[in-house]
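Engineer: Chains as they are written, first to last, in the numbering used here: chain F, 135 to 519; chain U, 135 to 519.
In structure tokens, the structure reads:
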């Protein structure tokens, strides 16, 4: 009866409008109806990526799209740089290593971002780097890497292409792929894009296409050239995730209704600030500094004196509030408050209220209401702008 | 307003119960709820595959699962045999060749099946074959290969593993993976499995797992070992297609409600016979003989004197009846009447009636009602059994 309040970094809640769109009558992926759906929808995704490039839709999770970016551009034995600031950067390293690449790892403390200067210094002594990879929004730590600056460092200090994992950011944060000079940008459906998992979205610019054309990949399912060829006909090389594409069209409706992606990104910025203000008011520490804090997910340190696992279990069991724990080396040290996609300031007020109720149950020392009040202040200030 | 009557070989219509299941509240793929869903659902899929092996669920189209079967078991430069009786056999050849395998192609006329003797004769002079691939239900021609016999030929004449593409069959035809000796069996969601595209289902037996463990694959997303490891925990290595798995659970409900997969397969057998009887009564030729005719899809030759493309366009435009055309070398020569998944004898009567209406519009010479009557006779006889 009680709905689970899913405040995870993905999968995230699905809007009713999207659920209904996905329940539309099935159509053939070789029909005129599909071509129209595909063309219109990919066109409408372009502003969300900040690109004029063709949008490719793969019937797969985000991991497959990241692997596609790797195997289509770099061959075994070639050198790449991976900027890793958390678990998903490390994940990228694993994908590269499994595929036989020589990986130079620019590793940061978990909770920190990578700056332009750091990447520039790292690239200077290296030659022969074919590609530089970075995570835009690191889901494990709640960090937004300044990829617009990292792109500059890549251009200034190498001929490499710059590949960005946008999985938990795109749809909730600003993205200007073309302007910033990202060569391949990838995201998945189940995070800020408000869809169930199973669709990945990829954009590739001319520089990267040249690399892909020159590179000999053995991948069949993940062959981006075949996706490009078929996209010209408004179709995909194999059966696409038709219902998710119907849902994606509804997602575009919602974002356009809100006033476009810049407005949607503003809402995420407000939610980020609400969560951060609330935690400060509750004397609960955040993992990251404000400067590079993610607009879609906040990593929160264990409230003092609490058993984190017990607190999270309690919140879920008694209040149906479902947060995600820490990943890897941060397991047991932080929890993650997802505020992406179909999530609103009212949801932040709700979650903070329930967090406070749970803190009272654990006799945590704080002024009840302080967190909610701080979040409200941020919200109200944003409305007065 | 008028619903499109989708009589394609996939994607196929989605049952309302499945649509609603897929619209359930999203859950985390690392939650207890998911583990329960995953464990129960994969257990219930086993009878549909005729296996006691673990069922693996990949968030991908069927093509990716076919490629997974290839890249996990065979390394570049190694030799395989591909039995191809149509477009999807050829597709398998392409996947193998792109991945650098040496392919021995056992090619049959489109519209014919491959027999045990033919495969045995083909295998005898070959040594060093690592894997034999065959399509169970060839969607392009409406042929059901006797894979139970082909499996015997593989065991008798090689040490190879036997990999079967079950994509448009499984869920609508008998499958006894363990009893027949299929080592890897693969299917997709959007055909007889009554789901939207985007989920593939794979089962692997002990013999094939040994080959996979010994084989060094560079695939990350399609690494079957990682799926096996995570399946032990009731999870998947990366974000699964959660909503499709919710839908798969509802599909299992429906098949169990019908009396189990053997009853579901009987219904498909009746529909096949209805379509074939109707076409015979209308003097419209079938591509295949009865012996190996597919229970899920029938390939029908162009009715005499008709312009096929014009007839199909007319059926869709005037009667909203949507058939699939021919693929590859059969384009313009046949059309394909899909009767798989959420399709019932009543749907066959409807489609044959509308086909007859269309034939009258084209002044085709036939006895109106003859096709429907013949289909009814088959249907009524099946009910009397």
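Each residue gets a CB set at the ideal place from its N, CA and C atoms; glycine is no exception.
Report all residues from its chain with a CB closer than 6 Å to the CB of residue 317/F; omit the five preceding and five following residues, and keep chain order.
Structural biologist: For this step, residue 317/F is matched to residue 183 along the first chain. By the criterion of a C-beta distance shorter than 6 Å, residue 317/F is surrounded in its chain by 295, 296, 339, 341 and 342, once the five residues flanking it on both sides are discounted.
Engineer: Chain F partners of residue 402/U, CB-CB under 9 Å?
Structural biologist: As a first step, residue 402/U is located in the second chain; it is residue number 268 there, counting from the start. Within chain F, no residue comes near residue 402/U; the closest Cβ sits about 18 Å away, beyond 9 Å.
Engineer: For a contact meaning CB atoms closer than 8 Å, what does residue 145/U contact in chain F?
Structural biologist: Within the second chain, numbered from 1, the residue matching residue 145/U stands at position 11. By Cβ distance, chain F contributes 160, 161, 162, 163, 373 and 376.
Engineer: Within 9 Å of any Cβ in chain U, is that where the Cβ of residue 355/F sits?
Structural biologist: Counted from its first residue, the first chain places residue 355/F at position 221. Judged by the 9 Å Cβ criterion, residue 355/F is in contact with chain U.
Engineer: Helix, strand or coil for residue 350/F? Go by DSSP, reduced to three states.
Structural biologist: Position 216 of the first chain, counting from 1, holds the residue named residue 350/F. It is coil, neither helix nor strand.
Engineer: In terms of residue numbering, what span does the beta strand (DSSP E) encompassing residue 334/U cover?
Structural biologist: Translated into positions along the second chain, residue 334/U becomes position 200. Following the DSSP letters along the chain, one finds residue 334/U inside the beta strand (DSSP E) bounded by residues 334-338.
Engineer: Sort 336/U, 507/U, 464/U and 368/U by Cα distance to residue 243/U and report the nearest one.
Structural biologist: Looking up residue 243/U in the second chain gives position 109. Among 336/U, 507/U, 464/U and 368/U, the Cα nearest to that of residue 243/U belongs to 464/U.
Engineer: Tell me the residue span of the alpha helix (DSSP H) that contains residue 175/F.
Structural biologist: Looking up residue 175/F in the first chain gives position 41. From DSSP, the alpha helix (DSSP H) with residue 175/F extends over 166-183.
Engineer: Here's the rule I'm using: 16 or more other beta-carbon atoms within 10 Å means buried, otherwise exposed. How should residue 223/F be labelled?
Structural biologist: To locate residue 223/F, count along the first chain from 1; it is residue 89. Buried is the call here.
Engineer: What does the alpha-carbon distance come out to for the pair residue 330/U and residue 376/F?
Structural biologist: For this step, residue 330/U is matched to residue 196 along the second chain. For this step, residue 376/F is matched to residue 242 along the first chain. One C-alpha to the other measures close to 7 Å.
Engineer: From which residue to which residue does the alpha helix (DSSP H) around residue 250/F run?
Structural biologist: Here the question's residue 250/F lines up with position 116 in the first chain. Run containing residue 250/F: 250-257, per the alpha helix (DSSP H) assignment.
Engineer: Report the neighbours of residue 352/U on chain F: residues whose CB is nearer than 8 Å to its CB, in chain order.
Structural biologist: Position 218 of the second chain, counted from the start, is the residue given in the question as residue 352/U. What residue 352/U touches in chain F: 210, 232, 233 and 234.
Engineer: So residue 188/F and residue 207/F are in contact, right, with Cβ under 8 Å, and what is the actual spacing, rounded?
Structural biologist: Translated into the one-based positions of the first chain, residue 188/F becomes position 54. Translated into the one-based positions of the first chain, residue 207/F becomes position 73. No, residue 188/F and residue 207/F are not in contact; Cβ-Cβ is about 16 Å, not under 8 Å.
Engineer: Restricting to runs no shorter than 4 residues, where is the alpha helix (DSSP H) found entirely within the stretch 358-391 of chain F?
Structural biologist: 358-365
Engineer: Check each residue of the stretch 187-219 of chain F: if its Cβ is closer than 8 Å to any Cβ of chain U, include it; give the result in chain order.
Structural biologist: 193, 194, 195, 196, 197, 198, 201 and 210
Engineer: Mind reading off the beta-carbon distance from residue 374/F to residue 406/F? Whole number of angstroms is fine, and I expect it under 8 Å.
Structural biologist: For this step, residue 374/F is matched to residue 240 along the first chain. For this step, residue 406/F is matched to residue 272 along the first chain. Contact doesn't hold; Cβ gap of about 33 Å is too wide.
Engineer: What number of angstroms, rounded off, separates the C-alpha of residue 307/U from the C-alpha of residue 183/U?
Structural biologist: Stepping through the second chain from its first residue, residue 307/U is reached at position 173. Stepping through the second chain from its first residue, residue 183/U is reached at position 49. So the alpha carbons of these two residues sit roughly 10 Å apart.
Engineer: Round the Cβ separation of residue 325/F and residue 436/F to the nearest angstrom and send it over; I've been treating them as touching at under 8 Å.
Structural biologist: To locate residue 325/F, count along the first chain from 1; it is residue 191. To locate residue 436/F, count along the first chain from 1; it is residue 302. Not quite, the Cβ-Cβ distance comes to about 25 Å (not below 8 Å), so this is no contact.
Engineer: Rounded to the nearest angstrom, what separates residue 151/F and residue 393/F at their Cα positions?
Structural biologist: Residue numbering aside, residue 151/F sits at position 17 when the first chain is read from its first letter. Residue numbering aside, residue 393/F sits at position 259 when the first chain is read from its first letter. So the alpha carbons of these two residues sit roughly 17 Å apart.
Engineer: If you compare alpha carbons, which of 452/U, 252/U and 163/U is closest to residue 241/U?
Structural biologist: The residue given as residue 241/U occupies position 107 in the second chain. Per the Cα distances, 252/U.
Engineer: By the three-class DSSP mapping on this structure, what secondary structure does residue 291/F have?
Structural biologist: Within the first chain, the letter at position 157 stands for residue 291/F. DSSP places residue 291/F in the helix class (H, G or I) of the three-state scheme.
Engineer: Should the stretch 474-484 of chain F be regarded as contacting the stretch 498-517 of chain F, the criterion being three or more beta carbon pairs within less than 8 Å?
Structural biologist: Yes, the stretch 474-484 of chain F touches the stretch 498-517 of chain F.
Engineer: Does DSSP classify residue 456/U as helix, strand or coil?
Structural biologist: Mapped onto the second chain, residue 456/U falls at position 322. It is a strand residue.
Engineer: On a CA-only basis, which of 136/U, 143/U, 149/U and 141/U is nearest residue 386/U? Give me that one, please.
Structural biologist: Translated into the one-based positions of the second chain, residue 386/U becomes position 252. Distances from the alpha-carbon of residue 386/U to those of 136/U, 143/U, 149/U and 141/U put 149/U closest.
Engineer: Name, going along the chain, the residues of the stretch 331-343 of chain F whose beta-carbon falls closer than 9 Å to a beta-carbon of chain U.
Structural biologist: 331, 332 and 333
Engineer: At the 9 Å Cβ level, is residue 140/F part of the contact set with chain U, yes or no?
Structural biologist: As a working mapping, residue 140/F is identified with position 6 in the first chain. With 9 Å as the cut-off, residue 140/F counts as an interface residue toward chain U.
Engineer: Exposed or buried, what is residue 280/F when buried is set at 16 or more other beta-carbons lying within 10 Å of its beta-carbon?
Structural biologist: Working through the first chain from its first residue, we reach residue 280/F at position 146. The residue in question, residue 280/F, is buried, as its Cβ has 16 or more Cβ neighbours within 10 Å.
Engineer: On the DSSP bridge list, what partners appear for residue 470/F?
Structural biologist: For this step, residue 470/F is matched to residue 336 along the first chain. Its beta-bridge partners are 433/F and 458/F.
Engineer: Roughly how many angstroms separate the alpha carbons of residue 165/U and residue 302/F, rounded to a whole number?
Structural biologist: Locating residue 165/U in the second chain gives position 31, where the first residue counts as 1. Locating residue 302/F in the first chain gives position 168, where the first residue counts as 1. The straight-line gap from Cα to Cα measures roughly 19 Å.
Engineer: Is DSSP giving residue 155/U helix, strand or coil here?
Structural biologist: One-based indexing of the second chain puts residue 155/U at position 21. Three-state DSSP puts residue 155/U in a helix.
Engineer: Is it true that the CB of residue 138/F sits closer than 9 Å to the CB of residue 363/F?
Structural biologist: As a position in the first chain, residue 363/F is number 229, starting the count at 1. As a position in the first chain, residue 138/F is number 4, starting the count at 1. It is not a contact, given that the beta carbons lie outside the stated cut-off.
Engineer: Between the Cα of residue 418/U and the Cα atoms of 368/U, 448/U, 264/U and 469/U, which residue gives the shortest distance?
Structural biologist: Sequence index remark: in the second chain, residue 418/U carries index 284 (1-based). Nearest of 368/U, 448/U, 264/U and 469/U to residue 418/U, Cα basis: 469/U.
Engineer: Can you list the residues of chain U that residue 229/F reaches, using a CB-CB cut of under 7 Å?
Structural biologist: The count along the first chain starts at 1 and reaches residue 229/F at position 95. Think of a sphere of 7 Å around the beta carbon of residue 229/F: the chain U residues whose beta carbon falls inside it are 354, in chain order.
Engineer: Would you say residue 437/F faces chain U, with C-beta separation under 9 Å as the test?
Structural biologist: Your numbering for residue 437/F matches position 303 in the first chain. Taking CB atoms only, residue 437/F has no neighbour in chain U less than 9 Å away.
Engineer: Which residue or residues does DSSP assign as beta-bridge partners of residue 237/U?
Structural biologist: Numbered from 1 along the second chain, position 103 holds the residue referred to as residue 237/U. Answer is 214/U.
Engineer: Per the DSSP calculation, residue 244/F is bridged to which residue(s)?
Structural biologist: If you number the first chain from 1, residue 244/F lands on position 110. Residue 244/F has 246/F as its beta-bridge partners, per DSSP.
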